[in-house]
Every structure is written in C-alpha cells, then in structure tokens.
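**Q** Once you've had a glance at the structure underneath, I'll fire off some questions.
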Amino acid sequence: MAHSNFTSKARESEQEKIRIMGRGKIAIKRIENPTTRQVTFSKRRAGLLKKTHELSVLCDAQIGLIIFSSTGKLCQYCTEPFRMEQIIERRLKVTGTRIPEHDSREQIFNELAVLRKETRRLQLSMRRYTGEDLGSIPYDDLDQLEHELESSVNKVRDRKNELLQQQLDNLRRKERMLEEENSNMYRWIQEHRAALEYQQAAMEAKPAEEHHHQVLDHFPFLGDQQPSSVLQLATNSIPHQIHPYHHLQLAQPNLQDPNV
Numbered sequence: 057m058a059h060s061n062f063t064s065k066a067r068e069s070e071q072e073k074i075r076i077m078g079r080g081k082i083a084i085k086r087i088e089n090p091t092t093r094q095v096t097f098s099k100r101r102a103g104l105l106k107k108t109h110e111l112s113v114l115c116d117a118q119i120g121l122i123i124f125s126s127t128g129k130l131c132q133y134c135t136e137p138f139r140m141e142q143i144i145e146r147r148l149k150v151t152g153t154r155i156p157e158h159d160s161r162e163q164i165f166n167e168l169a170v171l172r173k174e175t176r177r178l179q180l181s182m183r184r185y186t187g188e189d190l191g192s193i194p195y196d197d198l199d200q201l202e203h204e205l206e207s208s209v210n211k212v213r214d215r216k217n218e219l220l221q222q223q224l225d226n227l228r229r230k231e232r233m234l235e236e237e238n239s240n241m242y243r244w245i246q247e248h249r250a251a252l253e254y255q256q257a258a259m260e261a262k263p264a265e266e267h268h269h270q271v272l273d274h275f276p277f278l279g280d281q282q283p284s285s286v287l288q289l290a291t292n293s294i295p296h297q298i299h300p301y302h303h304l305q306l307a308q309p310n311l312q313d314p315n316v
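If you count the sequence shown from 1, you need to add 56 to reach the numbering used here.
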C-alpha cells in the first residue's frame with residue numbers, strides 16, 4: 057500500500073515537471089505598457105504585503121518592508137507593535153553602520169553670515185540709487201551708477217509713454233463709441249419727430265375731411281356739378297316740407313316790385 061502511494065506521488069511529480077517544462081520559462085523584464093505595469097505592480101504588491109504579514113505572524117519575525125512605486129508613492133509594512141524607525145535602528149546596530157550626525161549650528165551660522173552680507177550690499181545699493189552716502193564711492197563706480205540711473209530713467213520713461221499711449225487709445229475708442237451712440241440717438245429722435253408730425257397732421261386733417269363729407273351730404277350734387285348761383289344753393293338747402301317762398305328773401309330791388 058505504501059509502495060503504491062509512493063508510486064502515485066512520483067507519477068504526479070513527473071507530470072507536474074512535464075507540465076512546467078511544456079509551458080516554458082517566463083522572461084523577467086520591465087513591462088513596457090504603463091497601464092499593464094501599474095496593474096501588475098498593484099497585484100504583486102498586495103501579494104507581497106500579504107506574504108510579509110503571514111511570515112511575521114506565523115514565525116514571529118520582525119519585518120520592515122519599504123516599497124516605492126515608479127511614480128514615487130511610498131508603501132510600507134512594519135511588524136506590530138514596532139515602528140519602522142525601531143527596525144531601521146536595529147538593523148544599523150546589527151550591521152555596525154551609523155548615520156553620520158552633523159552639527160547644524162555651524163551651517164546655520166554660515167548661512168546667516170551670507171544673508172547679512174547680502175543685506176548690507178542691498179542696503180548700500182539702495183542708498184546709492186537714492187543719492188545717499190556717495191562720499192565713499194570712487195569715480196568709476198559713480199560713472200557706472202550714473203549710467204545705470206540713466207538706463208533706469210529711460211526704462212521708466214518708456215513705460216510711462218506706453219501707458220499714456222494705451223490711455224489715449226482707450227479714450228479714442230470711447231470717443232468713437234460715444235459718437236456712434238449720439239448718431240444713433242439723433243437718428244432715432246428725427247424719426248420719432250417725423251412720426252409725431254405725421255400723426256399730428258393726420259389728426260388735423262381728419263376733422264376737415266369729416267366736415268367736407270358733412271357738407272357733401274347736406275348739399276348733394278351730381279358728380280362734380282357746382283351750384284350756379286346763391287339762390288340755387290339756398291333753394292336746395294330748404295327742406296321739402298316748407299314752401300321755398302315763405303323763407304326766401306330777395307335781395308335785389310327789382311324783384312320786390314309785384315308787377316315784375
């Protein structure tokens with residue numbers, strides 16, 4: 057029975073070897089595709105952290121694992137309850153190496169001295185540019201200072217002219233806009249005034265037209281025929297119910313003679 061089990065295990069081992077050899081070896085090299093590389097990194101990192109934790113728990117080992125990704129992201133694991141600094145310190149003690157401790161006070165003093173020197177230089181330059189403390193300056197330095205001041209004045213003058221030109225351009229632009237607005241406003245006023253005059257003329261002409269129609273209704277003539285005399289006009293205006301001779305007053309003296 058034992059011999060049968062040993063034979064079976066040997067057969068399985070041979071089959072596993074054949075399967076691995078048939079599959080071939082995978083070349084370990086950098087993954088070119090950044091997306092695939094990031095996915096592989098995440099998976100392998102998770103597996104590594106899991107195996108590290110299992111090793112620490114199962115074997116009571118103190119492990120400090122530090123991982124930096126290709127993008128610089130830090131990932132670390134430290135066996136609890138220790139801290140990463142304690143594990144690093146223990147490693148340094150075991151290997152006999154120490155991080156050199158530098159006295160930073162000397163470096164700070166040197167930096168302060170450099171800053172003081174630079175501050176004094178800047179203060180001296182400011183006094184020179186403002187015309188103060190010129191007695192200790194030699195001729196060559198004064199000549200150089202004069203050229204620098206002239207150059208600065210020219211730059212300031214150019215900048216002022218540039219700003220003035222910009223302001224003039226803005227004023228001209230505003231002037232054109234105001235002229236256009238005034239022109240549009242004047243045109244609108246003229247059109248509004250013409251419309252009001254037309255409306256007023258139409259309102260004034262309407263009563264005269266109505267009066268004309270009333271006269272035509274009161275004196276109905278045929279077509280364009282006009283009355284031949286005042287008598288005909290007055291006769292046509294008398295109502296039919298009243299005899300025309302009762303209201304007719306003759307103005308001519310010959311018509312007053314009954315014999316005529």
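Think of the CB as a built atom: it goes at the ideal place given N, C-alpha and C, for glycine as much as any other residue.
Everything numeric in this text was worked out from a predicted model, so none of it was measured.
(1) Quick one: Cα of K99 to Cα of I144, how far?
(2) Name the two residues that bound the continuous alpha helix (DSSP H) containing I122.
(3) Since L111 and I123 should fall inside the 8 Å C-beta cutoff, what is the C-beta to C-beta distance between them, to a whole number of angstroms?
(4) Which ranges would you report for the alpha helix (DSSP H) in the stretch 111-187 if only whole runs of at least 4 residues count?
(5) Taking only the alpha-carbon atoms, compute the straight-line gap between D225 and E231 and give it to the nearest angstrom.
(6) Does P90 come out as helix, strand or coil in the three-state DSSP assignment?
(7) Would a C-beta distance cut-off of 8 Å place L201 and R184 closer than the cut-off?
(8) Tell whether a beta-carbon distance below 8 Å holds between L105 and Y133.
(9) To the nearest angstrom, how far is it from the Cα of I245 to the Cα of R229?
(10) Within 10 angstroms of the Cβ of T135, are there 16 or more other Cβ atoms? Answer buried if so, exposed if not.
(11) Can you give me the C-alpha to C-alpha distance between L205 and L220, rounded to a whole angstrom?
(12) Verify whether the separation of the beta carbon atoms of R93 and I84 is less than 8 Å.
(13) Measuring alpha carbon to alpha carbon, tell me which residue in E167, L227, S125 is nearest P90.
(14) How close, in whole Å, do the beta carbons of L178 and L190 come, if the pair is a contact with beta carbons under 8 Å?
(15) Does DSSP put L190 in a helix, in a strand, or in coil?
**A** In short, the structure shows the following:
(1) 26 Å
(2) Here I122 belongs to no alpha helix (DSSP H); instead the beta strand (DSSP E) covers 120-124.
(3) The Cβ separation is near 16 Å, so there is no contact.
(4) 140-151, 160-185
(5) 10 Å
(6) helix
(7) In this structure, R184 lies closer than 8 Å to L201 by Cβ.
(8) Yes, they are a contact pair.
(9) 24 Å
(10) buried
(11) Their Cα atoms are separated by approximately 22 Å.
(12) no
(13) S125
(14) With 8 Å as the limit, L178 and L190 do not qualify as a contact, their Cβ atoms being about 17 Å apart.
(15) coil
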